[in-house]
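Undergrad: Counting in my numbering, the sequence shown runs from 76 upward without gaps.
Beta carbons: idealized from backbone N, C-alpha and C, even for Gly.
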Amino acid sequence: MTKLEVINPATNEVLERLDYATHEQINHQIKQAHQAFQNWKKVDAHERSAKLAQWAQLIDDHQDELARLITLEGGKPLAEAKGEVAYANSYVKWYAEEAKRVYGRTIPANSPSKKIVIDKFPVGVVGAITPWNFPAAMITRKMAPALAAGCTIICKPAVKTPLTTIKLVELAHQAGFPKDAISYIIASGKDAGDIFTNHSLISKVTFTGSTAVGKSLIESSAQQVKNVTMELGGLAPLIVHNDADIEAAVDGTIASKFRNAGQTCICANRIYVHEDIAEAYNEKLIEKVHALSVGDGLKEEVKIGPLIDNQAVEKVLTHIKDAQEKGGQLSRSIEDIQALGGNFLKPVVITNANLDMKAMHEETFGPVAPVMTYSDLDEVINIANDTEFGLASYFFTNDYRTGLKLFNELEYGVIGWNDGGPSAAHAPFGGLKESGYGREGGVEGIEPYLETKYLSIQE
Ligand code: SIN
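(1) Kindly confirm or deny that the region 153-164 and the region 108-116 touch, where touching means at least three C-beta pairs closer than 8 angstroms.
(2) Pop quiz: residue 424 and residue 388 are said to be a contact at Cβ under 8 angstroms. What is the actual Cβ separation, rounded to whole angstroms?
(3) Report the start-end ranges of each beta strand (DSSP E) in the region 198-256 that is 3 residues or longer and not cut off at the edges.
(4) Would you say residue 500 reaches chain C, if we count a Cβ-Cβ gap shorter than 8 angstroms as a contact?
(5) Would you kindly work out how many angstroms separate the C-alpha atoms of residue 318 and residue 472, rounded to a whole number?
(6) Is the CB-CB distance between residue 392 and residue 399 below 8 angstroms?
(7) Spell out a yes or no on whether the region 200-219 and the region 180-188 are touching, meaning 3 or more CB-CB pairs, one atom from each, closer than 8 angstroms.
(8) Distance check for residue 98 and residue 110, CA to CA, integer angstroms please.
(9) Measuring only from the beta carbon, is residue 230 closer than 7 angstroms to any heavy atom that is part of the ligand SIN?
(10) Closest to residue 197 by CA distance: which of 278, 272, 350 is it?
(11) Just the Cα atoms here: how many angstroms apart are residue 325 and residue 334?
(12) For the ligand SIN, any of its heavy atoms closer than 7 angstroms to the Cβ of residue 462?
(13) Please classify residue 255 as buried or exposed, where buried requires at least 16 other C-beta atoms within 10 Å of its C-beta.
(14) Is residue 498 near the ligand SIN, going by C-beta to nearest heavy atom under 7 angstroms?
(15) Three-state secondary structure (DSSP) at residue 349?
(16) Which residues does DSSP pair with residue 440 in a beta bridge?
(17) Kindly indicate which three-state DSSP category residue 188 falls into: helix, strand or coil?
(18) Quick one: what's got a C-beta closer than 7 angstroms to residue 402's C-beta in the same chain, skipping five residues either side?
(19) Quick one: grab the DSSP three-state call for residue 435.
(20) Any heavy atom of the ligand SIN closer than 7 angstroms to the Cβ of residue 208?
(21) Cβ-heavy atom distance between residue 339 and the ligand SIN below 7 angstroms?
(22) Contact check, residue 489 vs residue 341 under 8 angstroms by CB: the rounded distance?
(23) From the DSSP output, which residues share a beta bridge with residue 148?
(24) Can at least three beta-carbon pairs, one atom from the region 352-369 and one from the region 496-505, be found at a separation below 8 angstroms?
(25) Examine the ligand SIN and report whether any of its heavy atoms sits within less than 7 angstroms of the Cβ of residue 282.
(26) Mind listing, in chain order, the continuous beta strand (DSSP E) runs of no fewer than 3 residues lying wholly within the region 475-499?
(27) Would you tell me roughly how many angstroms separate the C-alpha atoms of residue 243 and residue 534, rounded to the nearest one?
(28) Count the other C-beta atoms from every protein chain shown that fall within 10 angstroms of the C-beta of residue 178, then say buried if there are 16 or more, exposed otherwise.
See the structure below:
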């Protein structure tokens with residue numbers, strides 16, 4: 076079988092050649108993980124917690140090495156990659172604590188001679204499929220709660236970014252986790268998806284990625300009524316109301332929109348600014364966006380790295396050209412946007428955006444900020460909600476009534492109010508509608524790895 080080539084998107088150099096696992100090897104690994112589950116589920120919560128804490132310590136000790144791997148295989152600028160390592164580790168630290176807080180309860184029975192006890196149990200072996208845009212955080216957000224709950228887990232990282240996973244799993248083994256309690260496979264998404272969803276020893280499938288792939292995993296998981304968690308696509312609206320602090324709104328827009336060069340599921344895809352402040356907001360936004368330096372993420376000054384591959388570049392260019400054809404005004408020319416060549420695109424603001432543009436109704440996944448003006452708050456809320464997606468949304472206002480109205484009416488699972496970076500290990504992350512179901516992070520994030528049983532005792 077041909078080898079998997081892991082490519083540096085900044086240079087297109089091959090970083091590593093890895094063997095794909097055969098179907099036999101994957102099936103064998105699932106059996107081993109199932110065997111390991113028989114012991115791991117009996118390990119007490121305090122010991123599971125201690126092992127997670129030890130893993131977290133090792134991740135801290137290797138943060139520079141991990142960050143460099145993220146930059147090399149994913150293109151993310153080094154400072155941002157370090158931020159991702161800290162973010163990834165915050166899940167390990169959080170679930171090291173939550174392992175000790177999986178509570179059952181008792182319920183008053185309808186007879187004095189009865190007692191009802193409720194308890195939680197790990198679901199079993201978990202098959203996790205993770206994306207390339209956060210090669211560390213999307214792994215730990217699944218692995219840490221699964222292990223804390225007493226599950227064992229096999230992760231299939233994105234084929235573009237497996238090296239970070241390999242290192243994280245190596246550190247987990249050093250921390251004392253049994254070899255088969257936490258492991259990875261190198262496989263295509265199709266192979267892993269087919270095997271995980273159809274294998275009777277996999278009790279749960281957790282996936283972060285596109286809605287299209289999520290739907291097909293849900294469909295095949297249905298054959299065995301498998302427990303699934305789906306973190307799928309987004310099309311985040313960002314609304315800047317006329318009473319917003321413009322400077323803060325611009326900074327929040329940049330934090331959301333240009334994180335990882337716009338390659339996040341929660342990044343602002345479409346921006347709506349109130350007509351009263353549009354001119355001032357656009358001017359400031361363009362000034363700050365054009366100041367973002369683009370290049371190889373290993374260079375200190377770089378704020379925007381390469382896109383993941385040429386296909387991504389082509390898709391983003393399609394959105395830009397489509398917007399231009401439909402009346403959008405680009406803050407820099409198409410030639411300038413592509414001037415660095417390779418997988419690099421300079422960030423661009425598109426003013427005079429309208430709802431016909433692809434960038435306003437399709438996920439762009441790139442450094443493009445289309446801005447449309449509005450005059451009526453109810454109308455912009457309807458526009459923001461008029462999509463099958465419901466992952467993240469943002470708004471900027473200094474009026475508490477407007478803020479609460481937006482919080483109540485926006486149909487999104489994650490909402491930032493004057494906040495372009497709402498993600499946190501202690502908060503539940505996840506989407507409504509076709510952006511998926513289940514939550515990761517917070518006290519909610521361990522629940523998908525637990526089953527509830529109740530016991531009725533008759534004296
Ligand atoms: C994603 O949207 O791709 C994940 C981002 C996050 O956890 O903040």
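TA: On the basis of the supplied data:
(1) no
(2) Between residue 388 and residue 424 the Cβ distance is about 18 angstroms, and since that is not below 8 angstroms, they are no contact.
(3) 200-204, 227-231
(4) Included in the structure is just one protein chain, with no chain C present.
(5) 6 angstroms
(6) no
(7) no
(8) 18 angstroms
(9) no
(10) 278
(11) 14 angstroms
(12) no
(13) buried
(14) yes
(15) strand
(16) DSSP lists no partner for residue 440.
(17) coil
(18) 427, 429
(19) helix
(20) yes
(21) yes
(22) 6 angstroms
(23) Answer is none; residue 148 lacks a bridge partner.
(24) no
(25) no
(26) 489-492
(27) 50 angstroms
(28) exposed
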